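Here full-length UniProt numbering is used: the first residue of the sequence shown is 1, the next is one more, and so on.
We treat Cβ as the ideally placed atom computed from N, Cα and C, and that holds for glycine.
None of these values were measured; they are calculated from a predicted model.
Some notes on the structure that comes next.
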Amino acid sequence: MILFNRKQRLFLVAFAIFWLFLLVVLRFRAARDPGSYFFQPEVGYRPQYSLQRIDESLDYLRPYNQSFNDPQHPQRNFTAASDNATICVGIVTVKRPLQQNIDTTVASILDNLSEQERSTLSVHVLFALTSPADHPDYRQPWLSNVVDRVLTYEQLGAPISTIRKMENKKDIKRKSIIDYHLSLKSCYEDSNAPWIMMLEDDVVAQRAWYNRTMQSLETIQSWRSSGAVKNWLYVRLFYTEKFLGWNSENWPTYASCSVGIVTMVAVIGFMTRRKLRPMQTVLTNSFIVIVCSVCVPLLITLYFLAGRVTMQPMKPGIHLMNGHGCCSQALVFPRENVPQLLDHMEKARYAHPYAVDSVIEHMADANGLDRLVIVPSQMQHVGAASYKENRKQYNLKGPHQVQGAHGVWSMGFEKAFEE
Ligand SMILES: *[C@@H]1O[C@H](CO)[C@@H](O)[C@H](O)[C@H]1NC(C)=O
């Protein structure tokens, strides 16, 4: 420290305190950011708003969950014409290893709609089992009272023997492509809906998903007609922040920004010394070198450690997301590109056994179609078990088996709780 005079030492001490203060602040602020060094899984994956939505949606469903004919909650299945629906909702449901969430999924998209809004939706649920009665929800009373089309392989004329072989071989990837294809096709052919929303059977929707989504779709359409957006395949209502961190392919940008900042600080230092006489004793050459080689890099390091979602959050609204947008929990397709996607899926199941989301991305890439996202997530993934991970055991406690759904999780959705 003999190198520095009193003022310089004071500055360095103040900087150290400031830096430690930032460290503490970011440790809290970035605890939920999965791309952050400060990420804490117990905090980031703690369900809040989604638990509330699960409870609300099941409350909504209860009065429909009876088999006698109640004029207040009349049967829906096959009564409503889905021809004039604005959104056809396609949901594939399978028997999940731990817990079924199909009731929550269906109820949470309906429970806050007015009668008029409800009439713009046509909900199709495909029971993707060769013996649908094996699904615990297949015989539940609410189903026919709430869902517009309860579908089975038989009704859709699916290749049942092929699918049975896949079931026996546990060829889940290939089977899920067939299932997705069937469900998408049933929406496309059974309705004239301009929008087709494909949901997995383990998501839960925000209370305001309907209005936000409809508004976003209108906005996108107006952008499209003014030429502001390209032809696009879907807008996603669920995304996880997990893959939105600092991406290695952007390292040249990160590096040049960092070098730029260091240079800028050095220039400002030299200029201040020239302009302000009292600073001449502080901003000596050696001191500027220390600031630029130690202090500024320490701040930049902190910035990167904090994570991209924390430091550069996406503004609420519609964004382009052609990469890193995992997964296929909730996507809305404009009708016009669905035939092409159906075609692609038909072929895909004979090719490489990709997962459904990769098949969709592949199709979009091959045809130069953009993919959009609504920020924040309008849906949350609450599935207790995903086929994508191979866990032998689950240690889930509490009334709801929601524990961050193994990283396929939207922290933005949970923050709606604080709104
Ligand atoms: C509906 O009722 C059945 C029994 O008839 C019950 O097992 C099921 O949990 C109920 N579902 C909901 C969503 O309330």
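Subject >> Pair within 8 angstroms by beta-carbon distance, Leu320 and Asp365 >> reply: For this step, residue 320 is matched to residue 320 along the sequence shown. For this step, residue 365 is matched to residue 365 along the sequence shown. No, the pair does not count as a contact, with Cβ atoms beyond the cut-off.
Original post:
Would the beta-carbon of Arg53 be found less than 7 angstroms away from any heavy atom of ligand 1?
Top reply: Within the sequence shown, numbered from 1, the residue matching residue 53 stands at position 53. No - ligand 1 has no heavy atom lying nearer than 7 angstroms to the Cβ of Arg53.
Original post:
What does the shell around ligand 1 hold, if a residue joins when its beta-carbon is under 7 angstroms from any heavy atom?
Top reply: Listed along the chain, these residues meet the criterion: Leu58, Leu61, Arg62, Asn65, Asp103, Gln140, Pro141 and Trp142.
Subject >> Between the CA atoms of Val359 and Pro339 - distance to the nearest angstrom >> reply: Start at 1 with the first residue of the sequence shown, and residue 339 comes out as number 339. Start at 1 with the first residue of the sequence shown, and residue 359 comes out as number 359. Each residue's Cα considered, the two are about 14 angstroms apart.
Subject >> Unbroken beta strand (DSSP E) run spanning Met264, endpoints >> reply: Against the sequence shown, residue 264 aligns to sequence position 264. It is not in any beta strand (DSSP E) - Met264 instead sits in the alpha helix (DSSP H) that spans Trp251 to Lys275.
**OP:** Find the nearest neighbour of Ser410 within the set Gln329, Glu361 and Leu342, judged by alpha-carbon distance.
**Re:** Walking along the sequence shown from the start, residue 410 turns up at place 410. Among Gln329, Glu361 and Leu342, the Cα nearest to that of Ser410 belongs to Gln329.
Subject >> Simplified DSSP assignment, three categories, for Val375 >> reply: Residue mapping note: residue 375 aligns to position 375 of the sequence shown, counting from 1. Val375: strand per DSSP, three-state reduction.
Original post:
In chain order, what residues of the same chain have a beta carbon less than 6 angstroms from the beta carbon of Met279, not counting five sequence neighbours either side?
Top reply: By 1-based counting over the sequence shown, the position of residue 279 is 279. Contacts found: Thr272 and Arg273.
Original post:
Hey, is the region 52-63 in contact with the region 86-94, meaning 3+ C-beta pairs nearer than 8 angstroms?
Top reply: The region 52-63 and the region 86-94 do not touch, with fewer than 3 CB-CB distances between them shorter than 8 angstroms.
**OP:** Please confirm if the region 169-186 is in contact with the region 347-355, defined as three or more CB-CB distances below 8 angstroms between the two stretches.
**Re:** Segments in contact, yes.
**OP:** Give me whichever residues DSSP pairs with Gln312 in a beta bridge.
**Re:** The residue given as residue 312 occupies position 312 in the sequence shown. Residue pairing for Gln312: DSSP places it in no beta bridge.
Original post:
Any idea what DSSP makes of Val43, helix, strand or coil?
Top reply: Residue numbering aside, residue 43 sits at position 43 when the sequence shown is read from its first letter. The answer is helix: DSSP assigns Val43 an H, G or I state.
Original post:
Does the beta carbon of Leu342 fall short of 7 angstroms from some heavy atom of ligand 3?
Top reply: As presented, the structure is devoid of ligand 3, carrying ligand 1 as its sole ligands.
**OP:** In angstroms with no decimal places, state the Cα-to-Cα distance between Ala30 and Tyr37.
**Re:** The sequence position of residue 30 within the sequence shown is 30, counting from 1. The sequence position of residue 37 within the sequence shown is 37, counting from 1. Rounded to the nearest angstrom, the two C-alpha atoms are 8 angstroms apart.
Subject >> Where residue 420 falls, given that 16 or more other Cβ within 10 Å makes a residue buried >> reply: Since the first residue of the chain shown is 1 and the last is 419, residue 420 is not available in this structure.
**OP:** Taking Phe243 as the reference, give the member of Ile109, Arg212, Asp33 and Leu20 with the closest Cα.
**Re:** By 1-based counting over the sequence shown, the position of residue 243 is 243. Answer by Cα proximity: Asp33.
Subject >> For Leu151, three-class secondary structure by DSSP >> reply: In the sequence shown, counting from the first residue as 1, residue 151 sits at position 151. Correct three-state label for Leu151: strand.
Original post:
Is Asn65 closer than 8 angstroms to Pro141 when the C-beta atoms are compared?
Top reply: By one-based count along the sequence shown, residue 141 stands at place 141. By one-based count along the sequence shown, residue 65 stands at place 65. Yes. Within cutoff.
Original post:
Once you ignore the five residues that flank His324 on each side, which residues in its own chain have a CB closer than 8 angstroms to its CB?
Top reply: The count along the sequence shown starts at 1 and reaches residue 324 at position 324. Excluding sequence neighbours, His324 sits near Phe243, Leu244 and Asn247.
Subject >> Where His400 falls: helix, strand or coil (DSSP) >> reply: Residue numbering aside, residue 400 sits at position 400 when the sequence shown is read from its first letter. Because His400 sits at a pLDDT of 49, beneath the cut-off of 50, its placement in the model cannot be relied upon, and the point is left open.
**OP:** Give the straight-line distance between the Cα atoms of Gln393 and Thr120, rounded to the nearest whole angstrom.
**Re:** Your numbering for residue 393 matches position 393 in the sequence shown. Your numbering for residue 120 matches position 120 in the sequence shown. Low per-residue confidence applies at Gln393: pLDDT is 47, beneath 50, and the placement is therefore not dependable, though the value from the model is reported in the following sentence. Gln393 and Thr120: Cα-Cα distance of roughly 42 angstroms.
Original post:
With a CB to CB cut of under 6 angstroms and the five nearest residues on each side skipped, what residues in its chain are close to Asn231?
Top reply: For the purposes of this step, residue 231 is taken as the residue at position 231 of the sequence shown. For Asn231, where only same-chain residues beyond five positions count, the Cβ hits under 6 angstroms are Leu369.
Original post:
Just checking, does the region 124-132 make contact with the region 146-160 on the three C-beta pairs under 8 angstroms criterion?
Top reply: These segments touch.
Original post:
Tell me the DSSP bridge mates of Trp195?
Top reply: The residue labelled residue 195 in the question sits at position 195 within the sequence shown. Trp195 is bridged to Ile87 and Pro334.
Original post:
If you run the structure through DSSP and keep just helix, strand and coil, what is Asp370?
Top reply: The count along the sequence shown starts at 1 and reaches residue 370 at position 370. Residue state for Asp370 is assigned as strand, using DSSP reduced to three classes.
**OP:** Determine, using beta carbons only, whether Leu113 comes closer than 8 angstroms to chain C.
**Re:** Within the model displayed, chain C is absent; a lone protein chain is all it includes.
**OP:** Going by CA-CA distance only, name the one from Thr240, Phe68 and Arg308 that's closest to Phe413.
**Re:** For the purposes of this step, residue 413 is taken as the residue at position 413 of the sequence shown. Residue Thr240 is the option with its Cα nearest to Phe413.
Original post:
DSSP puts Phe127 in a beta bridge; with which residues?
Top reply: To locate residue 127, count along the sequence shown from 1; it is residue 127. Beta-bridge partners of Phe127 (DSSP): Thr93 and Thr152.
Subject >> Of the residues Ile102, Ile160, Ala128 and Leu61, the one placed nearest Asn112, counting alpha carbons only >> reply: Reading the sequence shown from its first residue, position 112 is the one you call residue 112. When only C-alpha atoms are compared, the closest one is Leu61.
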